[in-house]
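S.K.: Can you read through this structure? Questions will come right after.
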Amino acid sequence: MTLATAILLTVITAATPLLIAAIGELVVERSGVLNLGVEGMMIMGAAFGVVVAVVTGSSLLGVLAAIGAGVALAAVFALLTLGLAVNQYASGLALTIFGLGLSGVVGAPFVGIQRDGIGRIAIPLLSDIPVIGPILFRQDPFVYASFALVAGVAWFLWRTKAGLILRACGENPVSAHALGYRVLRIRLYAVLFGGACAGLAGAYLSLVLTPFWTAGMTAGRGWIALAIVVFASWLPLRTMLGAYLFGGLIVLQLHAQTAGVAVPSQLLAAMPYLITILALTLIMAMRRGGGAGSVAPAGLGQPFTPDR
Amino acid sequence: MMALVLERRAEAGKWALLAAPLLAVGLTMASSLVVFWLLGQDPWRALQVYFIWPVSDAWGLQEVAVKATPLVLISVGLALCFRSNNWNIGAEGQFLIGAICGGGVAVWTHGWGGPWVLPLMLLAGAAGGMAYALIPAVLKVRLRVNEILVSLMLVYVADLLLDWLVRGPWRDPMGFNMPQTVTFARDATLPLLFDGGRMNLGSVIALVVVVVAAVVMARTLKGFEIRLVGQAPRAARFAGFSDTRLTITVFAVSGALAGLAGVIEAAGTVRQLLPGFSPGYGFTAIIVAFLGRLNPVGCLIAGIFIAITFIGGENAQIILRLPRDMTLVFQGLLLFYILACDTLILYRIRRRVPLQGAQT
Numbered sequence: 001m002t003l004a005t006a007i008l009l010t011v012i013t014a015a016t017p018l019l020i021a022a023i024g025e026l027v028v029e030r031s032g033v034l035n036l037g038v039e040g041m042m043i044m045g046a047a048f049g050v051v052v053a054v055v056t057g058s059s060l061l062g063v064l065a066a067i068g069a070g071v072a073l074a075a076v077f078a079l080l081t082l083g084l085a086v087n088q089y090a091s092g093l094a095l096t097i098f099g100l101g102l103s104g105v106v107g108a109p110f111v112g113i114q115r116d117g118i119g120r121i122a123i124p125l126l127s128d129i130p131v132i133g134p135i136l137f138r139q140d141p142f143v144y145a146s147f148a149l150v151a152g153v154a155w156f157l158w159r160t161k162a163g164l165i166l167r168a169c170g171e172n173p174v175s176a177h178a179l180g181y182r183v184l185r186i187r188l189y190a191v192l193f194g195g196a197c198a199g200l201a202g203a204y205l206s207l208v209l210t211p212f213w214t215a216g217m218t219a220g221r222g223w224i225a226l227a228i229v230v231f232a233s234w235l236p237l238r239t240m241l242g243a244y245l246f247g248g249l250i251v252l253q254l255h256a257q258t259a260g261v262a263v264p265s266q267l268l269a270a271m272p273y274l275i276t277i278l279a280l281t282l283i284m285a286m287r288r289g290g291g292a293g294s295v296a297p298a299g300l301g302q303p304f305t306p307d308r
Numbered sequence: 309m310m311a312l313v314l315e316r317r318a319e320a321g322k323w324a325l326l327a328a329p330l331l332a333v334g335l336t337m338a339s340s341l342v343v344f345w346l347l348g349q350d351p352w353r354a355l356q357v358y359f360i361w362p363v364s365d366a367w368g369l370q371e372v373a374v375k376a377t378p379l380v381l382i383s384v385g386l387a388l389c390f391r392s393n394n395w396n397i398g399a400e401g402q403f404l405i406g407a408i409c410g411g412g413v414a415v416w417t418h419g420w421g422g423p424w425v426l427p428l429m430l431l432a433g434a435a436g437g438m439a440y441a442l443i444p445a446v447l448k449v450r451l452r453v454n455e456i457l458v459s460l461m462l463v464y465v466a467d468l469l470l471d472w473l474v475r476g477p478w479r480d481p482m483g484f485n486m487p488q489t490v491t492f493a494r495d496a497t498l499p500l501l502f503d504g505g506r507m508n509l510g511s512v513i514a515l516v517v518v519v520v521a522a523v524v525m526a527r528t529l530k531g532f533e534i535r536l537v538g539q540a541p542r543a544a545r546f547a548g549f550s551d552t553r554l555t556i557t558v559f560a561v562s563g564a565l566a567g568l569a570g571v572i573e574a575a576g577t578v579r580q581l582l583p584g585f586s587p588g589y590g591f592t593a594i595i596v597a598f599l600g601r602l603n604p605v606g607c608l609i610a611g612i613f614i615a616i617t618f619i620g621g622e623n624a625q626i627i628l629r630l631p632r633d634m635t636l637v638f639q640g641l642l643l644f645y646i647l648a649c650d651t652l653i654l655y656r657i658r659r660r661v662p663l664q665g666a667q668t
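The listed protein sequences correspond, in order, to chains A and B. Taken in order, the first sequence gives residues 1 to 308; the numbers are from the numbering used here. Taken in order, the second sequence gives residues 309 to 668; the numbers are from the numbering used here.
Right under this line is the structure:
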């Protein structure tokens, strides 16, 4: 394996949790709901994933538990914002605070328990293709899942009637409602899907990337996933591009750190956050200048109550 | 479909203004009883540790004031932001930058300062917090960049900056290589108010800020503008109020207050800078602001209450061996309940009565 392939492999590994969480949030936001609780759902997924995997000895059960934890937290969010029409910003923040706390409590007895990560699966024939074979087709199951999610979401949102209806709920819930669509129910499904994705992304952190539990191990990745959705103009393929860009930057920072670049390690560690700000600023400056991209769903973040 | 629907109330019930936060606190306590029971603790004893012990002696009461001070200062500023639909959730970063700027003055003047050091520190802290909060504010009004994400990302940056400073350039040369600054000189510390505790002048400053903010909100045009923009943005625009100016103003004020809280924590309570300097006051203050109904006096009451649970959480960690993150769980729960109870004010829940021949 050449150095370049090795680096690209680590880029994909670093980008995959961002991609999975961001693609879930993209669907949520396309339905008109802004769930700021991605960080909370993600860390719950990470905690429940590793705890259940350690207790049962099964990685698969761990992954399922992680998805379940994300969905459960998303359900609480849905109850508040859809059922009770509560402010979405504040509910998302509550979700993050609650998730960070509960994950810490649940994970506390498991700190430092190491387990084998989930191995890679080589796809026959395809993995033998030079260069791209090892990068794309000799990966862990999560990476394949992320590819499938991007393709599936892109197909669903733009090639199916259900996807069109979901986007209509995000653009103009009042009209969608007037046409007879059940806006709240559709938004509920979207929010739960987002929770499942965030939970799955969390499982990737604690079962593959660093196969043990440390409190706060998401380290802002949920927030970066939110930023990627904005950066990607709410488009699935650009979300993939955005996630790999961020993954690449994170890897670059790690390599610089180990190479002993004469810059404080804290500055390198701050790079992902600074770059997020820079990327958001650049993309907004471009849009202002009539640049590319569809903009945010028109109904994003506004509560909807059907009987008004 | 659901048989229950939300119906907007014609006018918010006055009773609900007070009832909702009290109900939320009650529900949180009830939930915590269940959690304690699930963890195999004696629920009543746990409640005592959390809510009663912190206020059962003079030293404890002073500690409550010490913890409430930053929470109240930050939440009063955040209340202004949230009321006018500006989502500054990076107060934690502004708090740290305030501590860094104020603490920087203390480190720089160490050994040759005078009575002028303390006022300069407070000024530097507030200015630093304000400048840091203006980054998301300016990006928001100029380019419509999402202020939530920018202000939050800056928290991580501030945290790493503090870490670098106390491990690198500002490390105490006599500190046995510990990552911390010198202990501040007398000129660089806020005076204590009473013997036998850590309550200091910072608590008085916080009280003054609450009074000023309450008067501004209730009695001045600016206060009216902030309330109007939050409640009826279109009406505010017709009245000629500028969104842009208001966003800059509330971010500047909330950043300055968070920075002030940071320097007060540094000069009054911790008296040096070190990593992990803040137990997350900037995030907890978000909950305080909502529990206090985005009202300055409400923030004072809510801040004191949350401060009690903060100390209760520390006690529980030692006495009951409960994980430290338990406090965060209760804070998250409390915010869920506050928000849910808020719905009781804006809406009432009614059974849906289908109209004849019409699908609603």
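No residue lacks a Cβ here, since even glycine has one placed at the ideal position from N, Cα and C.
#1: When you compare each of B/N623, B/L460, B/Q580 to A/G222 by their alpha carbons, which one comes out closest?
#2: Pair every Cβ in the stretch 46–66 of chain A with every Cβ in the stretch 22–33 of chain A, then say whether three or more of these pairs are closer than 8 Å.
#3: Does B/V415 come within less than 9 Å of chain A when only Cβ atoms are used?
#4: Looking at the C-beta of B/N454, does it have a partner C-beta in chain A at a distance below 9 Å?
#5: Return helix, strand or coil for B/M309, following the three-state DSSP convention.
#6: For A/V33, count neighbouring C-beta atoms within 10 Å of its own C-beta (all shown protein chains included) and say buried if the count is 16 or more, exposed if not.
#7: Which same chain residues, not among the five before or five after B/G692, have their C-beta less than 7 Å away from its C-beta?
#8: Going by DSSP, what residues sit across from A/Q139 in a beta bridge?
#9: Could you tell me whether the Cβ atoms of A/L245 and A/A279 are closer together than 9 Å?
#10: Taking Cβ-Cβ distances shorter than 7 Å, what residues in chain A pair up with B/Y589?
#11: Rounded to the nearest angstrom, what separates B/G398 and B/W472 at their Cα positions?
#12: Output the distance between the C-alpha atoms of B/V372 and B/I609, rounded to the nearest integer angstrom.
#13: Where A/G305 and A/A90 are concerned, what is the direct C-alpha to C-alpha distance, given to the nearest angstrom?
#14: For the stretch 199–206 of chain A against the stretch 41–50 of chain A, are there 3 or more C-beta pairs whose distance is under 8 Å?
#15: May I have a chain-ordered list of the alpha helix (DSSP H) segments no shorter than 4 residues that lie completely inside the stretch 123–202 of chain A?
#16: Considering only C-alpha positions, which residue in the set A/R187, A/G248, A/V51, A/T10 is nearest to A/L207?
#17: Strictly below 7 Å CB to CB, what residues from chain B border A/M284?
#18: Would A/Q114 pass as an interface residue toward chain B - the criterion being a Cβ-Cβ separation below 9 Å?
#19: State the start and end residues of the unbroken alpha helix (DSSP H) segment that holds B/R353.
#20: In terms of residue numbering, what span does the alpha helix (DSSP H) encompassing B/S562 cover?
#21: Does the beta carbon of B/Q667 come closer than 9 Å to any beta carbon on chain A?
#22: When you compare each of B/L469, B/L355, B/T377 to B/P583 by their alpha carbons, which one comes out closest?
#23: Can we say the stretch 368–386 of chain B touches the stretch 566–576 of chain B, given the rule of at least three CB pairs closer than 8 Å?
#24: Using CA atoms only, rank isn't needed, just tell me which of A/V263, A/L82, A/D116 is closest to A/L188.
#25: Using 8 Å as the threshold, is the stretch 334–352 of chain B in touch with the stretch 637–654 of chain B, meaning 3 or more CB pairs across them?
#26: Along the chain, where does the alpha helix (DSSP H) that runs through A/H255 open and close?
#27: How many Å lie between B/L568 and B/N508 at the Cα?
#28: Taking a cut of 8 Å between CB atoms, which residues from the stretch 632–656 of chain B lie near chain A?
#29: Looking at chain B, is there any beta carbon in it that lies within less than 9 Å of the beta carbon of A/G170?
#30: Could you please tell me which residues of the stretch 147–166 of chain A, in chain order, have their CB closer than 7 Å to any CB of chain B?
#31: A/I277 touches chain B at which residues, Cβ-Cβ below 7 Å?
#32: Could you tell me which chain B residues have their CB closer than 7 Å to the CB of A/S91, listed as they occur along the chain?
#33: Hey, could you find the ends of the alpha helix (DSSP H) A/W223 is sitting in?
#34: Would you list, in sequence order, the uninterrupted alpha helix (DSSP H) runs of no fewer than 4 residues that lie entirely inside the stretch 51–101 of chain A?
#35: From this set, B/W345, B/I360, B/Q488, which residue's C-alpha is nearest B/N623's C-alpha?
#36: What residues in its chain sit with their C-beta under 7 Å from that of A/V11, if we drop five residues either side in the sequence?
M.R.: According to the structure data:
#1: Of the listed residues, the one whose Cα sits closest to A/G222 is B/L460.
#2: Cβ pair count under 8 Å is below three, so no.
#3: No, B/V415 does not count as interfacial toward chain A.
#4: Closer than 9 Å: yes.
#5: With a pLDDT of 42 at B/M309, under the threshold of 50, the modelled position of this residue cannot be trusted, and the question is left open.
#6: Buried.
#7: In the structure displayed, chain B extends from 309 to 668; residue 692 of chain B sits before or after that span and is not available.
#8: Beta-bridge pairing links A/Q139 to A/I121.
#9: Yes, Cβ-Cβ distance for A/L245 and A/A279 is below 9 Å.
#10: None at all; the shortest Cβ gap to chain A is about 13 Å.
#11: Approximately 20 Å, taken between the alpha carbons.
#12: B/V372 and B/I609 have their C-alpha atoms some 12 Å from each other.
#13: Note that residue 305 of chain A is Thr in the sequence shown, not Gly. Rounded to the nearest angstrom, the gap between the Cα atoms of A/T305 and A/A90 is 18 Å.
#14: The count of Cβ pairs closer than 8 Å, one atom from the stretch 199–206 of chain A and one from the stretch 41–50 of chain A, reaches three, so the stretches are in contact.
#15: For the stretch 123–202 of chain A, whole alpha helix (DSSP H) runs of length 4 or above, ordered along the chain, are 132–137, 141–159, 161–171, 173–178.
#16: Nearest C-alpha to A/L207 among A/R187, A/G248, A/V51, A/T10: A/V51.
#17: Within 7 Å Cβ-Cβ: L451, R452, V453.
#18: No, because no Cβ of chain B sits closer than 9 Å to the Cβ of A/Q114.
#19: 351–355 is the extent of the alpha helix (DSSP H) around B/R353.
#20: Looking at the DSSP string, the run of the alpha helix (DSSP H) that includes B/S562 is 551–572.
#21: Low per-residue confidence applies at B/Q667: pLDDT is 44, beneath 50, and the placement is therefore not dependable, though the value from the model is reported in the following sentence. At least one chain A Cβ lies under 9 Å of B/Q667.
#22: The option with the nearest alpha carbon to B/P583 is B/L469.
#23: Taking 8 Å as the limit for Cβ pairs, the verdict is that the stretch 566–576 of chain B does touch the stretch 368–386 of chain B.
#24: A/L82 is the residue among A/V263, A/L82, A/D116 whose C-alpha sits nearest the C-alpha of A/L188.
#25: Segment contact: the stretch 334–352 of chain B against the stretch 637–654 of chain B, three or more CB-CB distances shorter than 8 Å; contact assigned.
#26: Secondary structure note for A/H255: its alpha helix (DSSP H) is the uninterrupted segment 236–258.
#27: So the alpha carbons of these two residues sit roughly 14 Å apart.
#28: Per Cβ criterion, the list reads R632, D633, M634, T635, L636, V637, F638, Q639, G640, L641, L643, F644, L647, A648, D650, T651, L654, Y655.
#29: With 9 Å as the cut-off, A/G170 does not count as an interface residue toward chain B.
#30: Listed by position along the chain: nothing, the set is empty.
#31: Residues of chain B whose Cβ lies closer than 7 Å to the Cβ of A/I277 are, in chain order, V458, M461.
#32: Result: L647.
#33: Where A/W223 is concerned, the enclosing alpha helix (DSSP H) stretches over 221–231.
#34: List check, alpha helix (DSSP H) in window: 59–78.
#35: The alpha carbon of B/N623 has as its nearest neighbour, out of B/W345, B/I360, B/Q488, the alpha carbon of B/I360.
#36: Here A/V11 has Y244, G247, G248, V251 as same chain residues with Cβ atoms under 7 Å from its own Cβ, once five neighbours each way along the sequence are excluded.
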